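Following: one structure in structure tokens, then a few remarks.
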Amino acid sequence: MASGKFVHLHNHTEYSLLDGAQKISQLVRRAKELEMPAVAMTDHGNLFGAIKFYKEAKKEGVKPIIGCEAYLAPGTRFDKSPNQGPHARPYYHLILLAENIVGFKNLMKLASAAYTEGFYYRPRIDKELLRAHSSGLICMTACLSGEIPTHLRRDDPEGAARALDEYLAIFGAQNVYLEIQDQGSRRK
């Protein structure tokens with residue numbers, strides 16, 4: 026797709042430890058080859074590559090969108106007890122993109138708090154932190170491990186609707202997007 030109108034907003038780099046296969050330079054170069062005006066970097070739970078990504082994208086003339094695939098605690102970030110039962114989950118995924126400098130600063134606060142306050146298997150945040158630091162951020166519902174997709178996979182549309190309502194209240198209707206991914210399966 027080389028129309029110049031499509032932009033990838035969910036990408037992992039070598040800074041998504043044990044998950045990212047592409048290097049920042051490859052991501053930016055490929056976005057430029059496909060005539061994408063911008064590209065996002067959303068590594069798992071961190072902003073380790075943000076400065077390198079920003080500089081590389083600027084050098085190549087591609088607008089950098091800095092983000093993070095955050096790990097969201099199902100309750101409070103301070104709860105470190107294991108969840109029990111068949112649907113137990115220590116965290117959900119949530120994509121957060123910095124819309125402006127205020128959003129970038131809030132993203133840094135969230136990423137730091139995830140490590141210093143919420144670490145349990147992964148650096149986690151919670152909805153209390155999201156409410157305090159949502160300004161300037163765009164929220165996407167993430168992959169199949171996101172809260173809304175998880176509810177839908179469990180045949181719980183009411184739970185998905187409640188989660189969506191919470192995100193709308195936190196970020197505002199103009200800053201919440203349902204993410205769609207091709208998972209290569211008709212079922213998904």
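Taken in order, the sequence shown gives residues 26 to 213; the numbers are from the working numbering.
Glycine included, each C-beta is placed from N, C-alpha and C at the ideal position.
Fair warning: this is a prediction, and the values are worked out from it, not measured in the lab.
- Boundaries for Asp68: no alpha helix (DSSP H) harbours it, while the beta strand (DSSP E) harbouring it runs 63–69, taken from the DSSP string.
- If the five residues before and after Gly45 are omitted, its C-beta is found closer than 6 Å to the C-beta atoms of His37, Thr38, Glu39, all from its own chain and listed in chain order.
- Gly143 carries a coil assignment under DSSP once its states are collapsed to helix, strand and coil.
- Going by beta carbons, Ala188 and Ile173 fall inside the 8 Å limit.
- Segment contact: the region 150–169 against the region 123–130, three or more CB-CB distances shorter than 8 Å; contact assigned.
- Between Thr67 and Gly92, the gap from beta carbon to beta carbon is short of 8 Å.
- Ranked by Cα distance from Leu43, the options Gly70, Ala98, His33, Glu142 are led by Gly70.
- In summary, Lys88 is exposed, with fewer than 16 beta-carbon neighbours lying within 10 Å of its beta-carbon over all protein chains present.
- Residue range 88–97 is occupied by the beta strand (DSSP E) that includes Glu94.
- For secondary structure counted as the beta strand (DSSP E) over 3 or more consecutive residues, the region 128–209 holds these complete runs in sequence order: 162–165.
- Rounded to the nearest angstrom, the Cβ distance from Ala138 to Ile150 is 6 Å, consistent with a contact under 8 Å.
- Setting aside the 5 residues that flank it on each side, Leu193 is surrounded in the same chain by Val201, each with a C-beta closer than 7 Å to its C-beta; the list follows chain order.
- In this structure Ser106 is exposed. Its beta-carbon is surrounded by fewer than 16 other beta-carbon atoms within 10 angstroms.
- In the three-state reduction of the DSSP assignment, Ala75 falls in the helix class, which pools H, G and I.
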